[in-house]
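Remarks on the structure that follows.
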Amino acid sequence: MAERVTFPSSTGPTLAGVIDRPDGPVRGWGVFSHGFTLGKDSPAASRICKQLAADGIGMLRFDALGLGDSEGDWGDGSFTVKVNDVAAACTFMAERGTPADLLIGH
């Protein structure tokens, strides 16, 4: 099951994401960080997160600043901002009671 979510970026604009939830018992939670100009709906992000969810690991995949459904300007997302936004995604997951034990990047 997929749940659309939003959460604040490290610099203020809202980031859009999808949480792929396991249908059965939950073994853990993770965050998927896509590469460069890809996004949460890229084939790799979608396939990896859906398979992990099928294996019991719920995953948050999200669009980086200014990409896909996220607010902001992509040009404002320095490497440091992108790293801080991954940390913001992890904080968001923890605040929901689903802390990420796994981080995957592509």
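Residue numbering for the sequence shown follows our numbering, beginning at 814 and increasing consecutively.
Even for Gly, the Cβ is constructed at its ideal location relative to N, Cα and C.
Pairing Val-831 with Ala-902 gives a Cβ-Cβ distance that is not under 9 Å.
Fewer than three Cβ pairs drawn from the stretch 815-823 and the stretch 835-853 lie within less than 8 Å of each other, which leaves the two stretches out of contact. When only Cα atoms are considered, Gly-910 and Thr-904 end up about 10 Å apart.
Under the Cβ criterion (8 Å, minimum of three pairs), the stretch 856-865 does not count as touching the stretch 880-891. Here Arg-874 is buried: its Cβ has 16 or more other Cβ atoms, across all protein chains shown, within 10 Å.
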